[in-house]
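Take the sequence shown: its letters are residues 879 to 1046, numbered as in our numbering. Cβ coordinates follow ideal geometry from the N, Cα and C atoms, glycine included. In what follows, a single structure is set out as structure tokens and then discussed.
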Amino acid sequence: MKTIAIIGGNKAFYSYLVKVLKLLDVEVKFFTKYAVKNETYYDYVVFNSSSNIKDVLINGGYCFVNMESIGYKNNNVNIYGNLITYGLGSKNTVTVSSMEDNNSFVYCLQRELNYNALERLEPQELPVTMNFNGDDEIYAAMVGITIGLIEGKDIGSLNKGKKLTIFS
């Protein structure tokens, strides 16, 4: 079972991430900002927002950082691990394009990712159909799909142009 520390996520982000990972059959144990311990190693750290976050030191295998929600205040946040940026900007590691009517988008892995010590995920674009409401859910989908890819889950339906469907 993998561990995920979520820093700064809200209820919509968290619950949608749970749905995506469950659909992709990734077994995880979640720790929210109130349960995260600085000295603990987590398989994944998701830093979704910097609001009300101060003096954090997190170690993780993969560290996701939402580039749209990060404030550059004096929060003293240190995250160690393989950095994966996500958001709607084209310079992020993971982004989406072609969003239509809150039910489809194209997931875009912009850069190569190392995983399982010796393997690499190549940049790719995957068409996805899912109901989502707002930015929090689309951000959770980006993180969840990326974790599924890293974990080597069967995402063949995404890679072959078929559509992944999640209905709330």
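Taking DSSP as the reference, what is the three-state secondary structure of LEU966? coil
Please confirm whether ALA883 and VAL943 have their CB atoms less than 7 Å apart. no
Can you grab the Cα-Cα spacing for the pair ASN980 / SER947, in whole Å? 20 Å
Does the distance from the C-beta atom of GLY959 to that of ASN926 stay below 7 Å? no
Taking just the CA atoms, how far does VAL904 sit from ASP1014? For the pair ASP1014 and VAL904, the Cα-to-Cα distance works out to about 20 Å.
Pick out whichever of LYS889, TYR894, ASP921 and THR1024 has its Cα sitting closest to the Cα of LEU999. THR1024
Once DSSP output is grouped into helix, strand and coil, what is the label at THR1024? helix
I'd like to know whether the C-beta atoms of VAL972 and TYR964 end up nearer to each other than 7 Å. Yes. Within cutoff.
Inter-residue Cα distance where the pair is PHE983 and LEU899: 18 Å
Would LEU895 pass as a contact of GLY1026 if the rule is Cβ separation under 7 Å? no
How many angstroms separate the CA atom of GLU990 from the CA atom of MET1020? 15 Å
Does SER893 come out as helix, strand or coil in the three-state DSSP assignment? helix
As assigned by DSSP and simplified to three states, the class of VAL914: coil
How many Å lie between TYR985 and LYS915 at the Cα? 32 Å
Taking the beta carbon of ASN1009 as the centre, do at least 16 other beta carbons fall within 10 Å, making it buried, or is it exposed? exposed
I'd like the list of long-range same chain contacts for ASN1011, defined as Cβ closer than 6 Å, with 5 residues on each side in sequence excluded. For ASN1011, same chain residues with a beta-carbon under 6 Å away, outside a window of 5 residues either side, do not exist.
With which residues is TYR1017 paired in a DSSP beta bridge? TYR1017 pairs with nothing; no bridge assigned.
Need the endpoints of the beta strand (DSSP E) that SER982 sits in, please. 982-987
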